[in-house]
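Those protein sequence lines, which keep their order, are chains X and E.
Be aware that the first sequence starts at 1, since it is given in the numbering used here, and climbs by one per residue.
Be aware that the second sequence starts at 1001, since it is given in the numbering used here, and climbs by one per residue.
C-beta: ideal position from N, C-alpha, C; glycine also.
Treat the numbers as computed from the prediction; the structure is a model and nothing was measured.
Just below is one structure, and these are the notes that go with it.
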Amino acid sequence: GAVVSQHPSWVICKSGTSVKIECRSLDFQATTMFWYRQFPKQSLMLMATSNEGSKATYEQGVEKDKFLINHASLTLSTLTVTSAHPEDSSFYICSPSQALRTEAFFGQGTRLTVV
Amino acid sequence: EDQVTQSPEALRLQEGESSSLNCSYTVSGLRGLFWYRQDPGKGPEFLFTLYSAGEEKEKERLKATLTKKESFLHITAPKPEDSATYLCAVKGPTGANNLFFGTGTRLTVIP
């Protein structure tokens, strides 16, 4: 399977601060990056889709100004949670994708806790 | 609207007690049904992809099958290390490669 590195694995931050999550695709060029969010005992929900060099597309109900996505290269994408609030506490998971790859692979996830 | 429903929500088995997990789906034009294993605090780990009714895939104690409306993940003689949440997902509509997930079945295998 593909090697995906997501960092950090967990982070605690204060309300109002920003947190950056990195996702690296180590063995293939990810033309697309999917960012998912998972609340306790719920399924993974797609937050946004980004294509390398383009602006991200956000799912309904996800604030684009709050969740900033940068996909400047084929191997790195970042998700920045700005002005974090306790309700943003969740498990964030990235999934790099390439058109010719049928399976989807995921990062290890980042547990964000906002206090 | 695409839907994926998994049952049961939780399952406790004795070591060696075989069982099946269910994934019912409603999607316009199936482009793949995926099974993943997720351990606590970790990202999903890919297990299988199924594309057409009648298809079956096996890996160690796991076997996935697919019909036109549902998929089953059969676990034969499970071991405690099989304890995890098993997620079912379908690929998005044509042109989209994101996955639409069910809520998972939390499996606990008791020694």
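Quick one, are the C-beta atoms of X:S43 and X:S77 less than 9 Å apart? no
When DSSP builds the beta bridges, which residues end up paired with X:Y36? X:L46, X:I93
Straight-line Cα distance separating X:P8 from E:R1031: 33 Å
For a cutoff of 9 Å on Cβ pairs, would you count E:G1041 as touching chain X? yes
Within this structure, are the beta carbons of E:L1011 and E:L1033 separated by less than 9 Å? no
Short CB-CB distance (under 9 Å) between X:S77 and chain E: no
If we define contact as Cβ-Cβ less than 9 Å, is X:R37 a contact residue for chain E? no
Distance CB(X:V4)-CB(X:C94) smaller than 9 Å: yes
On the criterion of 16 or more Cβ atoms from any shown chain inside 10 Å, does X:S90 qualify as buried, or is it exposed? buried
Sorted by chain position, which residues of the same chain lie with C-beta nearer than 7 Å to E:A1084's C-beta, five sequence neighbours on each side aside? R1037, Q1038, D1039, L1107
For E:T1103, which residues in chain X fall below 8 Å Cβ to Cβ? K41, Q42, S43
Quick one: which chain E residues come within Cβ less than 7 Å of X:F34? N1098
Judging by CA-CA distance, which residue of X:V114, X:V115, X:F106 is the nearest neighbour of E:G1041? X:F106
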